[in-house]
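Just so you know, the sequence shown maps onto residues 0 to 169 in our numbering.
I have placed the structure first, in the form of structure tokens, so that the comments after it can refer back to it.
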Amino acid sequence: MTAIAVALAVGMGGATAQAQNATNETTVEGTPVDEDLTLTDWEFSDGTFTLTFDLQGERPKTVTVAESTQPGEGTQASAIRRERLLPGENTITLTTRTAGGEAAAAITTSDSIDAGRQVTVSTGQTTGENPFAPFGGTSGVLSGVGLSMLMSGGAAAWVLRSEENGVIKA
């Protein structure tokens, strides 16, 4: 029993020494926008994205956040913001519209554009949009199917009734 206690104490001491020897390097979890800027958190509520960034280094950086929702065919105007961020944690809000229950925002800096990339934040489809909406909704589709069946049944009955000996050849 004493040997186990001593072994545990020695093992814990080694772990403590390892922790003290670790360097003080700050790592930020999130999605990197470029080498210095990381998107650390985001939230979408009531049509507004709230984006939290962490800027490493000593110099300010300009970030552009643009609405990236696909509202439909044609030409649309979109919300866009350009903000100058200071080193450390920064928060930007952007009001966007939703399309199909989805909202999205694209994030760029001059460095990310030079690298040919952007970060896109998307809510995904947040509402259970009715797939039959273009056809008048579920009731419109069911009415159309019912009417089609009724008309084809009526046409078949008329053909059978008008023939004296039934349908001879189709």
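By construction, the Cβ of each residue, glycine as well, lies at the ideal position given by its N, Cα and C atoms.
Please classify residue i as buried or exposed, where buried requires at least 16 other C-beta atoms within 10 Å of its C-beta.
i, result
"W157", "exposed"
"I79", "exposed"
"F48", "buried"
"E66", "buried"
"V120", "buried"
"I112", "exposed"
"L54", "buried"
"L50", "buried"
Span of the alpha helix (DSSP H) holding residue i?
i, result
"A156", "G136 to S161"
"D113", "S109 to D113"
Could you give the first and the last residue of the continuous beta strand (DSSP E) run that contains residue i?
i, result
"A65", "K60 to E66"
"V170", "Limits of the chain in this structure are 0 at one end and 169 at the other, which puts residue 170 out of reach."
"S77", "Premise fails: S77 is in no beta strand (DSSP E) and is neither H nor E."
"D40", "L36 to S44"
So for residue i, helix, strand or coil by DSSP?
i, result
"P133", "helix"
"L85", "coil"
"T49", "strand"
"E57", "coil"
"A102", "coil"
"T97", "coil"
Assuming residue i contacts residue j (C-beta within less than 8 Å), just tell me the rounded distance between them.
i, j, result
"Q69", "A98", "6 Å"
"T63", "R81", "5 Å"
"G46", "R83", "Wrong, their Cβ atoms sit about 25 Å apart, outside the cutoff."
message = Counting beta carbon pairs with one atom in the segment 28 to 44 and one in the segment 105 to 118, are three or more of them shorter than 8 Å?
response = yes
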